[in-house]
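Novice: Can you read through this structure? Questions will come right after.
Protein chains: 2
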Amino acid sequence: MGGAVDDLSLVFQALADPTRRAMLSRLAAGPATVGELAEPFAMSRPAISQHLKVLERAGLIERTAHAQWRTCTLRTEPLDEASEWVDRHRGEWNERFDLLDEHLRRVKRSAERAAPQGGAPGRPKETP
Amino acid sequence: MGGAVDDLSLVFQALADPTRRAMLSRLAAGPATVGELAEPFAMSRPAISQHLKVLERAGLIERTAHAQWRTCTLRTEPLDEASEWVDRHRGEWNERFDLLDEHLRRVKRSAERAAPQGGAPGRPKETP
DNA sequence: CGCCCATGTAAGCAACTCCTTATGTAACGA
DNA sequence: TCGTTACATAAGGAGTTGCTTACATGGGCG
């Protein structure tokens, strides 16, 4: 019901908003209070609060209370995970670039020569 | 007023779904048709189609039509942009780790010593 | 004590997401 | 021509997002 979403999705979703990315940029220069984070944005405070809640749910920030101020600090572990995923896929793609050509040639051939056997409706990659 | 959303947000949002990430993983091993991409998922074809539309809108895939099959191929440029953003922020944070301590000490002092001058309601970092 | 300050929570609303079923549309094969 | 395959589009619904205004909480200051 509520949210059985995996961590990585939470992180990417948190990053998928310019306001939240700007907040992280600001926090990358050092911790800040909620008021300091809100300052650059033409937006109500509750809106800011909710953005921070999204960032916190993704594990990207921590909030600690000194007196009446909440100081937000950046946490990098989720960014590491995200970076790892992206870089892994960039790498794999470059390694297997040759497979693309091979596959394309197979598909094109079976499409142009039209049915090698009875294999047209099945799947285009079937080339015995 | 459809969508004046920036590219990076579109990319991160596209990555914020396990189904779409799995599709990209599959495509990293080489191009595939829509049917091949749909096979591992317990989901209707229109759902698959819409996921592919999100990936295409983010520039992460290209669709080319051979005969009646649409072959999807991965595009890495958006992943490069995303990776760059994440890595830049990971780096900045590690470089300025010392600023954290300094700031925390400032805040803590002005909170514990309670009002350095008249500066309590203003901002917590004001320490003349 | 009473007041302001920084922040959080509640409730409401338009827009979007992610899925569904039903209905095209184009290409191939018999 | 007719049926089938591969896919897209249309329409709709449950849930979520991103904002708003109004109110609550909890600490410092006079």
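Chains A and B, in that order, are what the protein sequence lines are. Residue numbers in the first sequence follow this note's numbering, run continuously in steps of one, and reach 1353 at the last position. Residue numbers in the second sequence follow this note's numbering, run continuously in steps of one, and reach 1353 at the last position. Glycine included, every Cβ here is placed at the ideal spot set by N, Cα and C. As the structure is a prediction and not an experimental result, all values here were calculated from the model.
Excluding the 5 residues preceding and the 5 following F1237 (chain B) in the sequence, name in chain order all residues of the same chain whose CB lies nearer than 8 Å to its CB.
Specialist: For the purposes of this step, residue 1237 (chain B) is taken as residue 12 along the second sequence, with counting starting at 1. Answer for F1237 (chain B): A1307, listed in chain order.
Novice: Round the Cβ separation of I1286 (chain B) and R1300 (chain B) to the nearest angstrom and send it over; I've been treating them as touching at under 8 Å.
Specialist: Locating residue 1286 (chain B) in the second sequence gives position 61, where the first residue counts as 1. Locating residue 1300 (chain B) in the second sequence gives position 75, where the first residue counts as 1. About 6 Å separates the two Cβ atoms, so the contact holds.
Novice: Can you name the start and end residues of the beta strand (DSSP E) that L1299 (chain A) belongs to?
Specialist: Within the first sequence, numbered from 1, the residue matching residue 1299 (chain A) stands at position 74. Looking at the DSSP string, the run of the beta strand (DSSP E) that includes L1299 (chain A) is 1294 to 1299.
Novice: Just to confirm my understanding: we take G1284 (chain A), look at its own chain, exclude 5 residues before and 5 after, and list those with CB closer than 8 Å. What are they?
Specialist: One-based indexing of the first sequence puts residue 1284 (chain A) at position 59. Excluding residues within five positions, the ones whose Cβ falls inside 8 Å are D1232, L1235, V1236, R1300, E1302, P1303.
Novice: For the pair the segment 1258 to 1270 of chain B and the segment 1250 to 1262 of chain A, tell me if three or more CB-CB distances fall below 8 Å.
Specialist: no
Novice: Shorter than 8 Å, the distance from the beta carbon of P1303 (chain A) to the closest heavy atom of the ligand PLP, or not?
Specialist: Looking at this structure, you won't find the ligand PLP or any other ligand, since it has none at all.
Novice: Is the Cβ-Cβ distance between L1262 (chain A) and R1251 (chain A) less than 9 Å?
Specialist: Residue mapping note: residue 1262 (chain A) aligns to position 37 of the first sequence, counting from 1. Residue mapping note: residue 1251 (chain A) aligns to position 26 of the first sequence, counting from 1. Yes, the Cβ-Cβ distance between L1262 (chain A) and R1251 (chain A) is below 9 Å.
Novice: Under the rule that 16 or more other beta-carbon atoms within 10 Å means buried, what is A1272 (chain A), buried or exposed?
Specialist: Numbered from 1 along the first sequence, position 47 holds the residue referred to as residue 1272 (chain A). Flag for A1272 (chain A) reads exposed.
Novice: Are the C-beta atoms of S1234 (chain B) and some chain A residue less than 9 Å apart?
Specialist: To locate residue 1234 (chain B), count along the second sequence from 1; it is residue 9. The C-beta of S1234 (chain B) comes closer than 9 Å to at least one C-beta of chain A.
Novice: Can you grab the Cα-Cα spacing for the pair D1312 (chain B) / E1264 (chain B), in whole Å?
Specialist: In the second sequence, counting from the first residue as 1, residue 1312 (chain B) sits at position 87. In the second sequence, counting from the first residue as 1, residue 1264 (chain B) sits at position 39. Spanning the two alpha carbons is a distance of roughly 34 Å.
Novice: List, in order along the chain, the chain B residues whose C-beta lies closer than 9 Å to that of P1243 (chain A)?
Specialist: As a working mapping, residue 1243 (chain A) is identified with position 18 in the first sequence. Within chain B, the C-beta atoms nearer than 9 Å to that of P1243 (chain A) come from V1230, D1231, L1233, S1234, in chain order.
Novice: List, from N- to C-terminal side, the alpha helix (DSSP H) runs of 4 residues or more that fit wholly inside the segment 1230 to 1255 of chain B.
Specialist: 1232 to 1240, 1243 to 1253
Novice: With DSSP as the reference, label E1281 (chain A) as helix, strand or coil.
Specialist: Taking the first residue of the first sequence as 1, we reach residue 1281 (chain A) at position 56. Of the three classes helix, strand and coil, the one that applies to E1281 (chain A) here is helix, per DSSP.
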